[in-house]
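In UniProt numbering, the protein residues as written are 1 to 311. Backbone N, C-alpha and C define an ideal beta-carbon position, used for all residues, glycine too.
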Amino acid sequence: MQSHDARIHTSYADLVRLQNHALSFTLLPHLHASNSMSGRHLSLFRGRGLNFEELRHYQLGDDIRSLDWKVTMRTGKPHVRVYSEEKDRHCLILVDQRSSMFFSSQHCMKSVVAAEVAALSAWRVLRDGDRVGVCIADTDKTQWQVASRAQPKLLEQLKQVAKANQQLSALSADDEKLTFSRWINELSRRALKQSTIIIVSDWSGCSADDINRLKQLQRQNDVLAIMVVDPFETELPEKIAKQGWVVGDGTHQIMLDSQHKVAKASQFLLTEKQQQIVQLQRLMAAKRLPCILLSTTGDHISQYKQAVGGG
């Protein structure tokens, strides 16, 4: 098995190991109403409802009334039938793995931060007994996974996240049709209700129209915005004027060969990022949720847990 640099790419094993961190914080606390992430969690437990969810091996603590005797007799091992109530929480995690995410001036790539925070969130949701689905936006498509509370399903989704992350490189370029707006449009068409939607992205290409669509979703769901930022996206170091840097957005390029050009570029970047943050803060304020900013300094896991009220 080839080794990898965890600062540049994450791996399936890395994402699986994050389940250990899910024990130390609470993403959707059911009993702590004062916490910022308290939502409208209408069903606090999995019961014997109307919807069959899965058939699995009996585990210590399971209700013996849920035993499926036919399967138990046939296999020789106790199995239980698990049902979900109509009002359980459905969590959808959108993780950005587009080319703009393959950047960092600090410890690790924005794409790594996004992938690991998305995986950590998914493990926490699964531990809470809720359904979780992951949507991945990579350089040429969006992958929408069916939400499930079965661990094997989550593991399959994490494999896809790791695969999308490892495909990113300095040569990656996005399909021109795969824009942030298209991603949000696809989300809107799913007509979700009473769900938690977590978006982990640098929000590159996000427009005012996209924010308005999210406001519509926020009326019947809990939308949590997580922005991955790098210091270079708000302020460029002055010394690059002497180094003849050429920067671009995939379409246009500019040579930063003077202090004036560097200062002008920094001001533009800062203004654009501040406008995005203000828009997201207003969106989050509707539900008294935090607008979470995560850096590429390498301590994004602890930053995230602190932001949602965890340890």
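Would you check if the distance between the CB atom of residue i and the CB atom of residue j is smaller than 8 Å?
{"i": "ILE277", "j": "ILE198", "result": "no"}
{"i": "residue 328", "j": "ALA118", "result": "What is shown of the chain runs 1 to 311, which leaves residue 328 out entirely."}
{"i": "HIS21", "j": "LEU120", "result": "yes"}
{"i": "LEU178", "j": "ASP128", "result": "no"}
{"i": "ASP68", "j": "HIS57", "result": "no"}
{"i": "VAL125", "j": "CYS91", "result": "yes"}
{"i": "ASP14", "j": "GLU116", "result": "yes"}
{"i": "ARG81", "j": "PHE52", "result": "yes"}
{"i": "GLY298", "j": "THR26", "result": "no"}
Can you give me the Cβ contacts of residue i inside the same chain, cut-off strictly under 7 Å, excluding the 5 residues immediately before and after it?
{"i": "SER104", "result": "LYS110, ASP230, THR296"}
{"i": "TYR12", "result": "LEU158, LYS159, ALA162"}
{"i": "LEU214", "result": "ILE184, VAL223, LEU283"}
{"i": "ILE211", "result": "GLN279, LEU283"}
{"i": "SER34", "result": "Caution applies to SER34, whose pLDDT of 36 falls short of 50 and renders its modelled position unreliable; the value that the coordinates give is listed next. Contacts found: none."}
Quick one: what's got a C-beta closer than 6 Å to residue i's C-beta in the same chain, skipping five residues either side?
{"i": "LEU144", "result": "The sequence shown places Trp at residue 144, rather than the Leu named in the question. Answer for TRP144: CYS135, listed in chain order."}
{"i": "TRP203", "result": "MET227, GLN276"}
{"i": "ARG48", "result": "Residue placement at ARG48 is poorly supported in this model, since its pLDDT is 40, which falls under 50; the coordinates still yield a value, given next. The residues are TYR83."}
{"i": "ILE292", "result": "ILE226, ALA307"}
{"i": "SER66", "result": "VAL80, ARG81"}
Please report the distance separating the alpha-carbon of residue i from that of residue j.
{"i": "GLU186", "j": "GLN106", "result": "33 Å"}
{"i": "TYR304", "j": "LEU294", "result": "7 Å"}
{"i": "GLY133", "j": "VAL228", "result": "21 Å"}
{"i": "GLN220", "j": "ARG149", "result": "22 Å"}
{"i": "THR72", "j": "TRP123", "result": "29 Å"}
{"i": "ASP138", "j": "ASP96", "result": "7 Å"}
{"i": "LYS70", "j": "GLU54", "result": "15 Å"}
{"i": "PHE45", "j": "PHE232", "result": "Reliability of the predicted coordinates at PHE45 is poor, the pLDDT of 34 falling under 50, and the value obtained from them is presented with this limitation in mind. Spanning the two alpha carbons is a distance of roughly 45 Å."}
{"i": "ALA307", "j": "PRO290", "result": "7 Å"}
{"i": "ASP63", "j": "LYS77", "result": "16 Å"}
{"i": "SER181", "j": "LEU18", "result": "30 Å"}
{"i": "GLN166", "j": "ALA114", "result": "13 Å"}
{"i": "GLN281", "j": "ASP130", "result": "27 Å"}
{"i": "GLN274", "j": "GLN194", "result": "30 Å"}
{"i": "ASP209", "j": "GLU272", "result": "16 Å"}
{"i": "GLN151", "j": "LEU192", "result": "23 Å"}
{"i": "CYS206", "j": "SER302", "result": "26 Å"}
{"i": "GLY61", "j": "GLU176", "result": "51 Å"}
{"i": "GLN216", "j": "THR196", "result": "14 Å"}
{"i": "HIS4", "j": "LEU154", "result": "23 Å"}
Can you look up residue i in the DSSP assignment and give me helix, strand or coil?
{"i": "VAL58", "result": "The residue asked about is misnamed: residue 58 is Tyr in this sequence, not Val. Correct three-state label for TYR58: coil."}
{"i": "GLU176", "result": "coil"}
{"i": "SER207", "result": "coil"}
{"i": "ARG149", "result": "coil"}
{"i": "HIS9", "result": "coil"}
{"i": "MET227", "result": "strand"}
{"i": "HIS90", "result": "strand"}
{"i": "VAL308", "result": "coil"}
{"i": "THR26", "result": "coil"}
{"i": "THR296", "result": "coil"}
{"i": "LEU192", "result": "coil"}
{"i": "ASP140", "result": "coil"}
{"i": "ASP14", "result": "helix"}
{"i": "SER169", "result": "coil"}
{"i": "SER181", "result": "helix"}
{"i": "SER121", "result": "helix"}
{"i": "GLY39", "result": "At GLY39, the pLDDT of 43 sits below 50, so the modelled position is not reliable; the number obtained from the coordinates is stated separately. It is coil, neither helix nor strand."}
{"i": "LEU289", "result": "coil"}
Once you ignore the five residues that flank residue i on each side, which residues in its own chain have a CB closer than 8 Å to its CB?
{"i": "PHE102", "result": "MET109, LYS110, SER111, LEU168, SER169, ALA170, SER172"}
{"i": "SER99", "result": "THR139, LEU168, SER172, ALA173, ASP174, GLY250"}
{"i": "GLN218", "result": "LEU283, ALA286, LYS287"}
{"i": "ALA6", "result": "ASP14, CYS108, VAL112"}
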